[in-house]
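First comes the structure, then the notes that go with it.
There are 2 protein chains.
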Amino acid sequence: MTPGAPSETSAPRRRGRPSRTQSENGPATREEILRAAREEFSARGYEKASVRGIAKAAGVDPALVHHYFGTKEQVFEAAITVAFAPALEAPAAIEDGPLEGVGERLTRFVIGVWENPATRAPLLAIVRSAVNNETAASIFRRLVATQLLGRIARRLELPDAELRAELAAAQLVGIAMLRYVIQVEPLASADVEQLVARVAPVVQGHLTGP
Amino acid sequence: MTPGAPSETSAPRRRGRPSRTQSENGPATREEILRAAREEFSARGYEKASVRGIAKAAGVDPALVHHYFGTKEQVFEAAITVAFAPALEAPAAIEDGPLEGVGERLTRFVIGVWENPATRAPLLAIVRSAVNNETAASIFRRLVATQLLGRIARRLELPDAELRAELAAAQLVGIAMLRYVIQVEPLASADVEQLVARVAPVVQGHLTGP
Chain Z
15 MTPGAPSETS APRRRGRPSR TQSENGPATR EEILRAAREE FSARGYEKAS
65 VRGIAKAAGV DPALVHHYFG TKEQVFEAAI TVAFAPALEA PAAIEDGPLE
115 GVGERLTRFV IGVWENPATR APLLAIVRSA VNNETAASIF RRLVATQLLG
165 RIARRLELPD AELRAELAAA QLVGIAMLRY VIQVEPLASA DVEQLVARVA
215 PVVQGHLTGP
Chain H
15 MTPGAPSETS APRRRGRPSR TQSENGPATR EEILRAAREE FSARGYEKAS
65 VRGIAKAAGV DPALVHHYFG TKEQVFEAAI TVAFAPALEA PAAIEDGPLE
115 GVGERLTRFV IGVWENPATR APLLAIVRSA VNNETAASIF RRLVATQLLG
165 RIARRLELPD AELRAELAAA QLVGIAMLRY VIQVEPLASA DVEQLVARVA
215 PVVQGHLTGP
């Protein structure tokens with residue numbers, strides 16, 4: 015997590031391409047920009063977040079953000095793709111074990127991701143942004159619907175598999191909204207095991223039930 | 015619900031109290047402000063919406079908005095209370111008929127409210143605002159959790175009734191999020207009857223199941 019040493023020369027900063035010095039330790043700076051982007055989108059939402067603000071938080075020139083990622087939309091997609099990387103491994107949870115346990119494994123996985131503060135923040139950023147902005151919503155659709163749910167659906171090999179996966183996801187999305195985002199009680203304070211006991215059979219039913 | 019007739023005098027407009035001319039047809043103006051507030055909160059979200067913008071859209075002085083409703087927070091609460099009036103009648107759907115049909119009646123009710131463009135807009139405003147703003151979230155909690163879900167829970171007369179009501183609500187909230195807000199396919203285009211057939215038993219199970 016060594017932030018790249020931002021510029022530079024004694025010339026005034028300019029828009030356009032970053033100076034060589036700025037991009038010398040590429041991977042670390044790139045990581046740092048993504049981290050700053052997640053925090054900026056999380057704190058301010060897609061619309062209010064700016065490349066300038068992300069650059070400032072990462073301690074780099076805005077040109078470097080553009081250089082690595084392009085437009086704000088592209089920074090957002092890169093940031094949530096990284097944030098979503100663990101979630102995109104969820105379909106593996108379907109294969110690891112018998113099909114009749116898939117509801118519980120998926121439920122535990124999603125609740126686990128939300129219970130962990132490190133993964134909760136980027137998820138909050140995605141939800142907030144997708145709810146408020148069509149660009150963010152379309153990125154969410156592409157990532158979540160096509161990749162995550164599409165992969166789960168293909169493994170089900172049932173009629174209506176995509177709709178089943180989305181209805182299961184809807185149960186989990188709704189719990190995330192009420193428990194973690196809006197924080198409605200008693201759901202917000204309910205014991206995880208109590209939740210799993212009630213929710214896993216529902217998710218299982220959506221995925222493999224009649 | 016008779017708003018007090020606000021003042022008075024022939025002086026030029028100023029911040030503070032509205033002139034008599036503006037407030038002559040009180041109830042109509044009040045309605046008009048609430049309608050403008052719903053649209054403003056719906057279009058811009060809680061944080062970006064302003065009393066000034068609402069007043070402009072309603073064709074009145076901002077002072078009149080303050081006079082009728084007080085702060086922006088109070089305008090928001092009034093607007094979503096009105097928008098939520100139909101939803102707050104949902105508990106009646108629980109009593110009208112046998113308990114074993116409650117899942118289907120509640121599911122049809124919620125989907126119906128979201129399918130209707132007139133009620134969908136204020137709901138979107140509530141969701142967008144509650145997701146992004148703690149003030150809006152706390153108003154949402156008070157209205158939805160306490161009034162709507164609390165009333166349903168009391169009628170269930172079961173252990174964990176509140177949690178049951180919230181998990182049923184979570185399934186419906188998640189469907190609303192994925193179908194109407196983020197518009198994930200195939201859920202967004204699924205036939206209402208197909209949805210009810212899959213979702214009603216789940217809602218029923220949460221409310222009255224083992």
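Protein chains in written order, with our numbering: chain Z, 15 to 224; chain H, 15 to 224.
Cβ coordinates follow ideal geometry from the N, Cα and C atoms, glycine included.
Under 7 Å from the C-beta of residue i: neighbouring residues of chain Z
{"i": "residue 187/H", "result": "188, 191, 192"}
{"i": "residue 154/H", "result": "196"}
Three-state secondary structure assigned by DSSP to residue i
{"i": "residue 208/H", "result": "helix"}
{"i": "residue 230/H", "result": "In this structure chain H extends from 15 to 224, so residue 230/H is not present and cannot be described."}
{"i": "residue 199/H", "result": "coil"}
{"i": "residue 84/Z", "result": "coil"}
{"i": "residue 74/Z", "result": "coil"}
{"i": "residue 171/H", "result": "coil"}
{"i": "residue 64/H", "result": "coil"}
{"i": "residue 183/Z", "result": "helix"}
{"i": "residue 227/Z", "result": "Because chain Z in this structure spans residues 15 to 224, residue 227/Z falls outside the shown range and cannot be described."}
{"i": "residue 224/Z", "result": "coil"}
{"i": "residue 130/H", "result": "coil"}
{"i": "residue 99/Z", "result": "coil"}
{"i": "residue 146/H", "result": "helix"}
{"i": "residue 217/Z", "result": "helix"}
Inter-residue spacing [alpha-carbon to alpha-carbon] between residue i and residue j
{"i": "residue 36/Z", "j": "residue 60/H", "result": "For residue 36/Z, the pLDDT reaches just 44, beneath the cut-off of 50, and the residue's location in the model is therefore unreliable, leaving the point undetermined."}
{"i": "residue 71/Z", "j": "residue 50/Z", "result": "6 Å"}
{"i": "residue 47/Z", "j": "residue 79/Z", "result": "7 Å"}
{"i": "residue 12/Z", "j": "residue 155/H", "result": "Nothing about residue 12/Z can be reported from this structure: the residues present for chain Z run from 15 to 224 only."}
{"i": "residue 167/Z", "j": "residue 68/Z", "result": "36 Å"}
{"i": "residue 142/Z", "j": "residue 93/H", "result": "22 Å"}
{"i": "residue 187/Z", "j": "residue 184/H", "result": "8 Å"}
{"i": "residue 43/Z", "j": "residue 76/Z", "result": "12 Å"}
{"i": "residue 217/Z", "j": "residue 210/Z", "result": "10 Å"}
{"i": "residue 144/Z", "j": "residue 90/H", "result": "22 Å"}
{"i": "residue 82/Z", "j": "residue 163/Z", "result": "29 Å"}
{"i": "residue 110/Z", "j": "residue 191/H", "result": "29 Å"}
{"i": "residue 157/Z", "j": "residue 133/H", "result": "29 Å"}
{"i": "residue 182/Z", "j": "residue 160/Z", "result": "15 Å"}
{"i": "residue 131/Z", "j": "residue 96/Z", "result": "16 Å"}
{"i": "residue 172/Z", "j": "residue 215/Z", "result": "18 Å"}
{"i": "residue 193/Z", "j": "residue 115/Z", "result": "24 Å"}
{"i": "residue 165/Z", "j": "residue 64/H", "result": "43 Å"}
{"i": "residue 204/H", "j": "residue 135/Z", "result": "31 Å"}
Chain H residues whose Cβ lies nearer than 7 Å to that of residue i
{"i": "residue 145/Z", "result": "141, 142, 145, 195"}
{"i": "residue 57/Z", "result": "Under the 7 Å cutoff, chain H gives no residues; its nearest Cβ is about 11 Å from residue 57/Z."}
Under 8 Å from the C-beta of residue i: neighbouring residues of chain H
{"i": "residue 180/Z", "result": "192, 198, 200, 201"}
{"i": "residue 151/Z", "result": "195, 196, 197"}
Residue of the options minimising C-alpha distance to residue i
{"i": "residue 124/H", "options": "110/H, 139/H, 98/H", "result": "98/H"}
{"i": "residue 224/Z", "options": "213/H, 89/H, 224/H", "result": "213/H"}
{"i": "residue 197/Z", "options": "86/H, 177/H, 205/H", "result": "177/H"}
{"i": "residue 202/H", "options": "137/H, 151/H, 129/H", "result": "129/H"}
{"i": "residue 57/Z", "options": "110/H, 66/H, 135/H, 146/H", "result": "146/H"}
{"i": "residue 199/H", "options": "151/Z, 140/Z, 195/Z, 170/Z", "result": "151/Z"}
{"i": "residue 73/Z", "options": "84/Z, 45/Z, 86/Z, 62/Z", "result": "45/Z"}
{"i": "residue 222/Z", "options": "62/Z, 180/Z, 206/Z", "result": "180/Z"}
{"i": "residue 55/H", "options": "118/H, 120/H, 137/H", "result": "137/H"}
{"i": "residue 170/H", "options": "81/H, 112/H, 91/H, 65/H", "result": "112/H"}
{"i": "residue 175/H", "options": "220/H, 117/H, 119/H, 207/H", "result": "220/H"}
{"i": "residue 52/H", "options": "84/H, 140/H, 159/H, 161/H", "result": "140/H"}
{"i": "residue 86/H", "options": "131/H, 194/H, 66/H", "result": "66/H"}
{"i": "residue 206/Z", "options": "122/Z, 96/Z, 114/Z", "result": "122/Z"}
{"i": "residue 195/H", "options": "118/Z, 120/Z, 62/Z, 149/Z", "result": "149/Z"}
Beta-carbon neighbours of residue i, restricted to chain Z and to distances below 9 Å
{"i": "residue 1/H", "result": "Outside the shown range of chain H, which is 15 to 224, sits residue 1/H, and nothing can be said about it."}
{"i": "residue 216/H", "result": "181, 185, 216, 219, 220"}
{"i": "residue 159/H", "result": "192, 196, 198, 199, 201"}
Check: residue i C-beta below 7 Å from any heavy atom of the ligand NAP
{"i": "residue 114/H", "result": "This structure lacks the ligand NAP, and indeed carries no ligand of any kind."}
Per-residue contacts from residue i into chain H (C-beta, under 9 Å)
{"i": "residue 97/Z", "result": "Per Cβ cutoff of 9 Å: no residues; residue 97/Z is ~17 Å from chain H at best."}
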